[in-house]
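Enquirer:
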Amino acid sequence: MKTAVLDSGFAGSSRQTTPLVLEPARKAARKPKRVVVPFSISKPKWEVPDARIQVPKPVVWERLELGFVTVLLASAGTLIAIAVSAAANL
6 MKTAVLDSGF AGSSRQTTPL VLEPARKAAR KPKRVVVPFS ISKPKWEVPD ARIQVPKPVV
66 WERLELGFVT VLLASAGTLI AIAVSAAANL
């Protein structure tokens, strides 16, 4: 801290001097300014759900699915027939 002495200014003055304490000036805390940055890109165009294109399944996948289901049903039938014949022989 710095100190200064206030007096009347004369050399022969009988007044008592008063010390004055000087403090550095404090700046008030500034709030940050909000900055708005404009974008040149316009709003995105949203896709309408009804405007989607229905892609048909290829015929190959339909035949593979049918074949897979046929094999599963045939194996299930075979396992049931084997289980019934094994139970009859006990």
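Per the working numbering, residue 6 is the first one in the sequence shown, and the count goes up by one each step.
C-beta: ideal position from N, C-alpha, C; glycine also.
1) Would you report the Cα separation of E28 and P37, rounded to the nearest angstrom?
2) Rounded to a whole number of angstroms, what is the C-alpha to C-alpha distance between A33 and V40?
3) According to DSSP, is L95 part of a helix, a strand, or is it coil?
4) Using the C-alpha atoms, what's the distance from Q59 back to V42?
5) Could you check whether the Cβ of A30 sits closer than 7 Å to any heavy atom belonging to the ligand HEM?
Expert: Reading off the structure:
1) 26 Å
2) Spanning the two alpha carbons is a distance of roughly 21 Å.
3) coil
4) 40 Å
5) In the structure shown, the ligand HEM is absent, as is every other ligand, since no ligand is present at all.
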